[in-house]
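Okay, so here's the structure we're looking at.
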Amino acid sequence: MSDRTDRGVERRHKHPQKFPSVINLNVGGKVFATRLSTLTKYADSMLAVMFSGRHEVDKDAEGNYFIDRDGEFFGHILSFLRHEDLPPAEVAENVMKDAMFYGIHPLEDLLKSSPALFAEYVVRDNIRQKLSSYEDVKRKITALAKQQALDFSAISSVVKVVVSKNQPIPQDLQFSSKVHKQYFRRFKIYPSFESCFGKHYINIPADKVRGSPDDIMDLIASCLTNDLRKEGYRGHVKRESVYEEYNKIKTVSWTESEFHVCMCCHSFTFNWLETDIIGGKMKIGDVEK
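Under UniProt numbering, the sequence shown has 274 at position 274, and the numbering climbs by one with no breaks.
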């Protein structure tokens, strides 16, 4: 750090910015008035840090302290800081986002456990954590769906999400052709994932799923479709069998020493020109079996 910067920091500590006991605050164009003690109630919050005196706070043309964020729900933030009042259920999620932005953790924790948000911020989030690459998988699903629509001028797209286990071939099979044949009789072997599931697929290694993929992936598929619906996508999801004729398991062979056994598969269908699902199909957010 330069001498000039050091001196600047020293001056700020010696001469902290003074604030009046009553603060006029412009949040994204909406003006609020509250006590300084209200804004600094929780010492580790962004508001408390802003008005601690350690930082310069911008003002608007009328002299109100300014925060560059939508102020539509800031009144609910102040209500909690003043009286620990919680917002109505219909705006709870918006207030939750503001609480996270301002670092008001007590409000954040209370809202997460409220009936309006418990399912989304606790139950579904716990499920999302069971897939280590959840956000990346969601991004790939939509990217592949859009690419398929562009490639084929399609009004719908289908993306398959597969979980496979990399399973080494037992070494002792080489000593008995009979055992070798019986072992491989259980599998329908494909040379590649594309030959098995088509061009638009995502393969998830089983070790990326926390728990049994056969059980967990139904829940993850439901969370994915719920999130996609909230983002504005329309479609449905269906679980597909990983068994071929004669109950053979779909398997992708990579080398002579190992192959990838498919454990479960979910097919995500996107309807680009429909506002809802017709013909008895399920809405996004449900899993067909």
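A virtual CB, placed ideally from N, CA and C, is assigned to each residue, including glycine.
Quick one: give me the first and last residue of the alpha helix (DSSP H) that residue i is part of.
| i | result |
| --- | --- |
| Gln-148 | 134-152 |
| Ile-23 | Element bounds for Ile-23: not the alpha helix (DSSP H) but the beta strand (DSSP E), 22-27. |
| Ile-249 | Here Ile-249 belongs to no alpha helix (DSSP H); instead the beta strand (DSSP E) covers 249-253. |
| Ile-220 | 213-230 |
| residue 297 | This structure cannot speak to residue 297, because the chain is shown only from 1 to 289. |
| Ile-127 | 124-128 |
| Pro-106 | 105-112 |
| Ile-155 | Counting along the chain, Ile-155 falls outside any alpha helix (DSSP H), and DSSP gives it neither H nor E. |
| Phe-19 | Run containing Phe-19: none; DSSP gives neither H nor E here. |
| Phe-193 | 193-197 |
| Leu-78 | 74-83 |
Please classify residue i as buried or exposed, where buried requires at least 16 other C-beta atoms within 10 Å of its C-beta.
| i | result |
| --- | --- |
| Ala-89 | exposed |
| Phe-118 | exposed |
| Ala-143 | exposed |
| His-266 | buried |
| Leu-111 | buried |
| Tyr-65 | buried |
| residue 336 | Look at the range of the chain in this structure, 1 to 289, and you will see that residue 336 is not part of it. |
| residue 307 | This structure cannot speak to residue 307, because the chain is shown only from 1 to 289. |
| Ala-33 | exposed |
| Pro-213 | buried |
| Phe-51 | buried |
| Pro-87 | buried |
| Ala-43 | exposed |
| Gly-280 | Any answer about Gly-280 is weak, because its pLDDT of 43 lies below 50 and its placement is not dependable; what the coordinates show is given next. Gly-280 should be labelled exposed. |
| Gly-61 | Reading off the sequence shown, one finds Ala at residue 61, where the question assumed Gly. Burial call: exposed. |
| Val-9 | Residue placement at Val-9 cannot be trusted, given a pLDDT of 36 that sits under 50; what the coordinates show is reported in the next sentence. Classification for Val-9: exposed. |
| Leu-273 | exposed |
| Lys-230 | exposed |
Throw me the rounded Cβ distance for the residue i and residue j pair, which I believe falls under 8 Å.
| i | j | result |
| --- | --- | --- |
| Ile-67 | Leu-25 | 7 Å |
| Lys-140 | Ile-202 | 5 Å |
| Glu-258 | Asn-166 | 6 Å |
| Phe-19 | Gly-63 | Not quite, the Cβ-Cβ distance comes to about 12 Å (not below 8 Å), so this is no contact. |
| Thr-269 | Val-158 | 5 Å |
| Asp-218 | Lys-138 | Incorrect: roughly 16 Å between the Cβ atoms, too far for contact. |
| Ser-21 | Ile-104 | The pair is not a contact, with the Cβ atoms about 21 Å apart (cut-off 8 Å). |
| His-92 | Ser-114 | Reading off the sequence, residue 92 comes out as Ala, not His. Their Cβ separation, rounded to whole angstroms, is 6 Å, which keeps Ala-92 and Ser-114 in contact under 8 Å. |
Spatial neighbours of residue i within its chain, please: C-beta separation below 6 Å, excluding the five flanking residues on both sides.
| i | result |
| --- | --- |
| Asn-271 | Ser-156, Arg-234, Gly-235 |
| Asp-98 | Phe-73, Ile-77 |
| Leu-81 | Thr-38, Lys-41 |
| Leu-47 | Leu-39, Tyr-102 |
| Ser-128 | Note that residue 128 corresponds to Arg in the displayed sequence, not to Ser. Excluding residues within five positions, the ones whose Cβ falls inside 6 Å are Tyr-134, Cys-223. |
| Gly-28 | Arg-69, Asp-70, Gly-71 |
| Phe-184 | none |
| Ser-132 | Lys-208 |
| Lys-30 | Gly-71 |
Pick from the options: whose alpha carbon is nearest that of residue i?
| i | options | result |
| --- | --- | --- |
| Thr-40 | Ser-192, Lys-248, Ile-77 | Ile-77 |
| Tyr-190 | His-260, Ile-204, Asp-60 | His-260 |
| Ser-164 | Cys-262, Ser-153, Gly-71, Glu-194 | Cys-262 |
| Ser-241 | Gly-53, Lys-188, Val-95 | Lys-188 |
| Val-162 | Gly-198, Arg-186, Leu-273 | Gly-198 |
| Asn-126 | Val-209, Lys-160, Ala-92 | Val-209 |
| Tyr-121 | Leu-86, Met-96, Lys-138 | Met-96 |
| Tyr-134 | Ala-221, Ser-253, Glu-231, Trp-254 | Ala-221 |
| His-200 | Glu-231, Lys-130, Leu-150 | Leu-150 |
| Phe-193 | Ile-204, Glu-56, Arg-229, Ser-114 | Ile-204 |
| His-83 | Val-57, Pro-106, Arg-69 | Pro-106 |
| Cys-264 | Leu-273, Tyr-246, Ser-253, Lys-238 | Lys-238 |
| His-55 | Asp-207, Gln-17, Gly-75, Gly-232 | Gln-17 |
| Lys-130 | Gly-211, Val-57, Ser-195, Ile-23 | Gly-211 |
Ordered along the chain, which non-local residues of its own chain (more than five positions away) have a Cβ less than 7 Å from that of residue i?
| i | result |
| --- | --- |
| Ala-154 | Gln-148 |
| Asp-85 | Ser-79 |
| Cys-196 | Tyr-190, Lys-250, Val-252 |
| Asn-94 | Phe-73 |
Within its chain, find whatever has a CB closer than 8 Å to the CB of residue i; leave out the 5 residues flanking it on each side and keep chain order.
| i | result |
| --- | --- |
| Glu-108 | Met-96, Ala-99, Met-100 |
| Ile-249 | Arg-186, Phe-187, Lys-188, Val-242, Tyr-243, Val-261, Cys-262 |
Mind checking which residues open and close the beta strand (DSSP E) that includes residue i?
| i | result |
| --- | --- |
| Glu-240 | 235-240 |
| Ala-48 | Ala-48 -> not in any beta strand (DSSP E); alpha helix (DSSP H) instead, spanning 46-50. |
| Ser-267 | 258-271 |
| Thr-34 | 30-35 |
| Phe-66 | 65-67 |
| Phe-187 | 187-190 |
| Tyr-201 | 201-205 |
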